[in-house]
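Numbering (the UniProt record's numbering), first residue to last: 1 to 159. Note that the Cβ used here is the ideal one computed from N, Cα and C, for glycine as well.
In structure tokens, the structure reads:
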């Protein structure tokens, strides 16, 4: 107890002065609400600085834009003809963040891909690749990873 008596429930005053207890609406007006956010925490959209892209610049370009001279277009909206597309509202950063997140999610199963026939005669150059399928924000996607080589090779939505 201090000189002015117990401090809990009372205003801070000097010795010999009494103050009243703040209860109800008066106390509520002075107390910031830090226990309940205005919106659910999962509804907060990260800013691009919070996004992570674990793919190389070449693989990022491949995923978003496709390869020149081939069947064209990548998986960024509006994409190429016949390509599966990420949602129109997803930024490049979000696409690559979600692909990176699926690639590193320890709860998902990696399935080793078969060795391509073109590599059978060059096994010393072969880097095993794995498929992993995950879902982010309602979008199912497949990510192909070469963990002992390029890392993330590609990623795209699957139907």
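Quick check on this structure: which residue in the options has the alpha carbon closest to the alpha carbon of residue i?
i, options, result
"residue 153", "51, 58, 52, 50", "58"
"residue 128", "148, 110, 90", "148"
"residue 145", "95, 123, 104", "104"
"residue 155", "117, 50, 61, 89", "61"
Going by the CB atoms, is the gap between residue j and residue i shorter than 8 Å?
i, j, result
"residue 86", "residue 139", "yes"
"residue 63", "residue 99", "yes"
"residue 69", "residue 80", "no"
"residue 75", "residue 84", "yes"
"residue 51", "residue 89", "no"
Helix or strand or just coil, what does DSSP make of residue i?
i, result
"residue 117", "helix"
"residue 103", "helix"
"residue 109", "coil"
"residue 14", "Because residue 14 sits at a pLDDT of 46, beneath the cut-off of 50, its placement in the model cannot be relied upon, and the point is left open."
"residue 135", "strand"
Around the Cβ of residue i, are there at least 16 other Cβ atoms within 10 angstroms (buried) or fewer (exposed)?
i, result
"residue 115", "exposed"
"residue 102", "buried"
"residue 141", "buried"
"residue 106", "exposed"
Can you find the residues in the same chain that come closer than 8 Å, C-beta to C-beta, to residue i, ignoring five residues on each side of it along the sequence?
i, result
"residue 120", "none"
"residue 126", "115, 119"
"residue 27", "Unreliable positioning characterises residue 27 in this predicted model, as indicated by a pLDDT of 48, which lies under 50. The coordinate reading is nonetheless provided below. Excluding residues within five positions, none has a Cβ falling inside 8 Å."
Looking only at its own chain, which residues have a Cβ that is under 7 Å from the Cβ of residue i, when we skip the five neighbours before and after it?
i, result
"residue 112", "128, 130"
Who are the near neighbours of residue i in its chain, counting only those whose CB is closer than 6 Å to its CB and skipping five residues on each side?
i, result
"residue 159", "none"
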